[in-house]
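Down below is the structure, laid out as C-alpha cells.
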Amino acid sequence: MSLEQVPDVTAVSTKDEFHVPNAHNEPGYRAMKQYTVARIGVWRAGPRYNTWSQLHFRADHATAQDAVFTDVPDGYAEENGFMPGQSQCANKEVYLTRPDLGRKLDEESKARFDATLTKSAPVTVVVGDGLSTSALVNIPKILPALKLGLAGYGIELGPIPFVKYCRVGIMDDLGPLIDANVVCLLVGERPGLATGESMSAYMAYRPNRERPESWRTVVSNIHAGGTPPVEAGAHVASLLKRMLDEQLSGVELSL
Amino acid sequence: MKLKTTLLGKTYGFGSVKEVLAKANEPKSGDELAGVAAASVQERVAAKVVLANMAVGDLRNNPVVPYEDDEVTRVIQDDVDEEVYREIANWTIAELREYILSEDVGTQEIRTLGRGLTSEVIAGATKLMSNLDLILGAKKAVVTAHCNTTVGAEGTFATRLQPNHPTDDPDGVKAALMEGLAYGVGDAVIGLNPVDDSLASVARLLHMFADFTEQWKIPTQNCVLAHVTTQMEAIKQGAPSDLIFQSIAGSQKGNEAFGITGAMLAEAQALVLEMGTSEGPNVMYFETGQGSELSSDAHCGADQLTMEARCYGFAKRFSPFLVNTVVGFIGPEYLYDSKQVTRAGLEDHFMGKLTGISMGCDACYTNHMKADQNDIENLSVLLVAAGCNYVMGIPHGDDIMLMYQCTGYHEAESLRQLFGKTAIPEFEQWMKDMGLIDGQRKLTERFGDASIFLERSGK
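Chains as they are written, first to last, in this note's numbering: chain A, 1 to 255; chain B, 1 to 459.
Following this line, the structure appears as C-alpha cells:
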C-alpha cells in the first residue's frame, strides 16, 4: 500500500469508459460510444460485469439514493432565511408512500405561513426538498438570479417559505392560504442514476386544488450539468412576469 | 357465502368479496394508499381464511367492477370456457390452490384449468400462495407463443433488448442494439421505448431495426413501443413492424386513461396480421404493472393485485406474443421496497401463466425505492426458476431514457448458464453462427464485443 490515491471510478464519463480487450474494431467502438451515455463497451468477467463498471454503477446509484433518502438537516430553513414549514408527512417513509399527504401543509405550518407570509403578493417563491435533498445545492445560485430578474420587472419578493417532505401539489394548498397570485416552487426532482442534484421550478397562476396539472408550467433539469441554476433563475423570472401579465399558466401560456 | 370468521378469539367480518380480496392481499403500499388494505396482520390472515373458504363461483359472480359498467369485466367473463368452469364452480379457493400444486397436475391440466377461471378467481388463488407456491405453480404452466420465432418453450429463456436513448438518436440506439446482441440479448424482441411518439420517428426506428436484423440475419421480432394508434399508422404507411405494443389496464376507465378500447386493440391485431412483417399468429405485445389503475384513479375500489389479474384476462382476448409486468417502475407509493417488488413480480408472473398468456417481467426499481440491483438480480433468478418466458436486457441495467434500473445485458447469459437454458433455438443458432458461443456453449472472445458488427480495423 502506498500513500497514493485509488483513482475515482466516476472520473471517466460513461461515454469514454471502455474495457473491451482485443476489440474487433476498438476505434469504431469508441466512436460509437459517443452517440450514447448508455453503459456499453463495459466488457465482462465470465458472463458477469467487469469490477470497474460495476463499481461505477454502484457509485452512481449511491448518488441517487443519498439524494432521496437523506433528510434536510434541522435548521436548514432558519439558516437560509426561509420560513420553516412541513407537509403532513411525519417522516421520509410517509413521504415516499403517501404523495397525498405531501401535497398538504401541516396545521402548524399553515398557521405560521398565514401569520408571516405576504398576502396577495404578485409572486411567492417556495422552496421544497421534494425527492432530492441534494438538489437544494442549487438554491444559493438560482435564488439571487431569480430575485434579480424579478426586481428588473419591479417585483419584490416577500418572505420565502421552505416546506419539508414537499410534493408539487403543495402549491395548491399554499396558494389559496395566502391569496397568492403567482406561485413558484423550487423543488428537488426524482434523481436519475448519477444525477442527484436536479431541480425543477413549478409555476402556476393563482393555483388551487381545482386546477388541473396542465395549469402548471415547469422548467426542469436545473443543475450544474443541465440548465445552470443562474440561467434558469432569469428564465423563470421572465415566465413569472408573463403569467402575472397574462393571468395564465401551464399549457394555456404559449411558450 | 360466508364473509366472517373468528381468528385468535377475535371476529372479523367483511362487507363484500371485493373487500375480502383486498384485505387478503400481501402488504403493498399501493393498497394502503388506496385505503383498501387490511388494518392489521391478523385481519389480513382472517381475510385469507374467509377467501380460502369461498367458492370459485362466488368470485366469478362478484367481479370487482360490474359487468354492465366495464369492458374489461365483459371480455373476461365472456371468454370463460363454461364447460371447464362448471366442473370447478363449487370448489373452494383452498381446493383450487391445492389442485394447482398437486403432483398429478401438470402443464396440460393447468392450461385447461386456466380457461375456466376469471381474473378474480386467479387473484384469489394467488393471495393464498406463498412465494414458492407461486414459483412451483407457474413452472407447470408452460405457455408458448409464435411470432417469427417461438417464445416460452421449455429449456429456453429469452430477453427483450431495450436500447432506449434520451433523444431516440438512431446512432445511439443502434450502438446499444449492437452491444445487446453481442451479449446474446434480444431473442424475445428488440423493443424501443421512444421519447418521440411522432409517426416519422417511429417509422425511422422500425426501418433501422428491420434493416439491421435483415443484414445480420437475426431471427427475432421488432417493435417500437409508441401509442397503438401511432404504430398502426406507421404500419399502414409501410413501416416494418412485427408486433404492436400497448400498455393496458384492468378496468375500462384505466384503458380510457391510456386512450384505448378493446375494439382498437382488435383492429390493431387485425392490421398487423395483415400488413405487419411477422408470421404470427401472436402479434401483440402488452405491458402492465400493479398500481397503474390507482395512479389514474381507475382502480374502482379494488386492490392492485386483482386489477393486475384483470389486465391479463383482458390481454388473453388478443392472443399476445408477449406480456410483461413492469414491476417496480411506478414507485414506492405502490410497491415500497424490494420485498414488495419481489412478491408482486412472482404474483404477476404466476397470474399471467395461469391466465394462459406468454408472460415476462421487467424486474426493475426506481431511485426512490428501497431496492437496488442485488434485489433485481434475486428476483430475476426466482423468475427463471418459475419458468418466466423473458426479462428485459438493457446496458448494465441502467435505462438512460426512462431513468430507472432493471436487468442488464449481462443477466441474460448468466441466468441461462445458471439454469442450463438456451436462447430461443433459432437465435441460439445465430449466436453460434456469429461466433458468440462455441459448440460447447462457451462464451468466446467475441461475446460482449459490439464492434463485431463494425468493419474490422487496425488499432
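Backbone N, C-alpha and C fix where the C-beta goes; we use that ideal spot for every residue, glycine too.
Checklist entry - Taking a cut of 9 angstroms between CB atoms, which residues from the segment 361-380 of chain B lie near chain A? => result Thr-366, Asn-367, His-368, Met-369, Lys-370, Asp-372, Gln-373
Next on the checklist: So with CB distances below 7 angstroms, who are the chain B contacts of Ser-53 (chain A)?
Outcome noted: His-396
Checklist entry - Hey, Phe-419 (chain B) and Leu-134 (chain B): beta-carbon distance below 8 angstroms or not? => result no
Next on the checklist: In this structure, how does DSSP classify Gly-331 (chain B) when only helix, strand and coil are distinguished?
Outcome noted: coil
Next on the checklist: Can you tell me whether Asp-187 (chain B) is buried or exposed? The criterion is at least 16 other CB atoms within 10 Å of its CB, across all chains shown.
Outcome noted: buried
Checklist entry - Among residues of its own chain, excluding the 5 on either side of Arg-74 (chain B), which ones have a beta-carbon nearer than 7 angstroms to its beta-carbon? => result Tyr-67
Checklist entry - Is it buried or exposed for Lys-459 (chain B), if we count other Cβ within 10 angstroms and need 16 for buried? => result Since pLDDT at Lys-459 (chain B) reaches only 46, below the 50 mark, its modelled position is unreliable, and the value read off the structure follows with that caveat. It is exposed - the Cβ of Lys-459 (chain B) has fewer than 16 other Cβ atoms within 10 Å.
Checklist entry - Rounded to a whole number of angstroms, what is the C-alpha to C-alpha distance between Val-127 (chain A) and Phe-162 (chain A)? => result 5 angstroms
Item to check | Chain-ordered neighbours of Tyr-35 (chain A) on chain B, where CB pairs are closer than 7 angstroms | outcome: Asp-169, Asp-171, Gly-172, Ala-175
Checklist entry - Could you give the residue range of the alpha helix (DSSP H) that holds Leu-113 (chain B)? => result 107-114
Checklist entry - If you run the structure through DSSP and keep just helix, strand and coil, what is Phe-162 (chain A)? => result strand
Next on the checklist: Leu-3 (chain B) and Val-49 (chain B) - do their beta-carbons sit closer together than 8 angstroms?
Outcome noted: no
Item to check | Residue-chain proximity (Lys-459 (chain B), chain A), Cβ-Cβ < 8 angstroms | outcome: Confidence at Lys-459 (chain B) is low in this model, with a pLDDT of 46, below 50, so the placement of that residue should be treated as unreliable; the coordinate-derived value is given next. Yes - at least one Cβ of chain A is within 8 angstroms of the one on Lys-459 (chain B).
Checklist entry - In chain order, which beta strand (DSSP E) runs of at least 3 residues are fully inside the segment 126-161 of chain B? => result 158-161
Checklist entry - Under the rule that 16 or more other beta-carbon atoms within 10 Å means buried, what is Asn-164 (chain B), buried or exposed? => result buried
Checklist entry - Going by Cα to Cα distance, which pick from A:Val-251, A:Cys-89, A:Glu-197, A:Asp-71 is closest to Pro-228 (chain A)? => result A:Glu-197
Next on the checklist: Taking 7 angstroms as the limit between beta carbons, can you name the residues of its chain near Gly-435 (chain B), skipping five residues before and five after?
Outcome noted: Thr-444, Arg-446
Checklist entry - Are there three or more Cβ pairs, one per stretch, closer than 8 angstroms when the segment 141-159 of chain B is compared with the segment 378-390 of chain B? => result yes
Item to check | Contacts of Pro-425 (chain B) in chain A (Cβ-Cβ under 9 angstroms) | outcome: Chain A residues near Pro-425 (chain B): none, gap ~20 angstroms exceeds 9 angstroms.
Next on the checklist: Strictly by DSSP, which residues pair up with Cys-223 (chain B)?
Outcome noted: B:Gly-191
Checklist entry - Going by C-alpha distance, which of A:Val-68, A:Arg-30, A:Thr-116, A:Lys-33 is nearest Glu-189 (chain A)? => result A:Val-68
Next on the checklist: Buried or exposed, going by whether 16 or more other CB atoms sit within 10 Å of the CB of Thr-133 (chain A)?
Outcome noted: buried
Next on the checklist: 8 angstroms is my cut-off, CB to CB: does Pro-212 (chain A) come that close to chain B?
Outcome noted: no
Next on the checklist: Output needed in chain order: residues of the segment 193-212 of chain B with a Cβ under 9 angstroms from some Cβ in chain A.
Outcome noted: none
Checklist entry - Taking Cβ positions, are Glu-256 (chain B) and Leu-305 (chain B) nearer each other than 8 angstroms? => result no
Next on the checklist: Residues of the segment 181-201 of chain A in Cβ contact with chain B at a cutoff of 7 angstroms, in chain order, please.
Outcome noted: Arg-190, Pro-191, Gly-192, Leu-193
Checklist entry - Taking DSSP as the reference, what is the three-state secondary structure of Ala-204 (chain A)? => result strand
Next on the checklist: Below 8 angstroms on C-beta distance, what does Arg-48 (chain A) contact in chain B?
Outcome noted: His-410, Ser-414
Checklist entry - Leu-105 (chain A) to Val-218 (chain A), Cα distance in whole Å? => result 21 angstroms
Next on the checklist: If the criterion is Cβ atoms closer than 8 angstroms, does the pair Thr-407 (chain B) and Val-391 (chain B) meet it?
Outcome noted: yes
Next on the checklist: Suppose you measure from the CA of Glu-279 (chain A) to the CA of Pro-63 (chain B); what does that come to, to the nearest Å?
Outcome noted: The requested residue 279 (chain A) is not part of the displayed model; chain A covers only 1 to 255.
Item to check | Interface partners of Tyr-390 (chain B) on chain A, CB under 7 angstroms | outcome: Those do not exist, as Tyr-390 (chain B) stays about 17 angstroms from chain A at its closest Cβ, beyond 7 angstroms.
Checklist entry - What does Asn-324 (chain B) pair with, by DSSP beta-bridge criteria? => result B:Glu-287, B:Gly-360
Next on the checklist: Only counting the same chain, and skipping five residues up and downstream in sequence, which positions put a Cβ closer than 7 angstroms to that of Ala-298 (chain B)?
Outcome noted: Ala-249, Ser-251, Lys-253, Gly-254, Ala-257
Item to check | Integer Cβ distance of Thr-366 (chain B) from Gly-331 (chain B), believed to fall under 8 angstroms | outcome: 5 angstroms
Item to check | Cys-364 (chain B) vs Phe-329 (chain B) beta-carbon contact at 8 angstroms | outcome: yes
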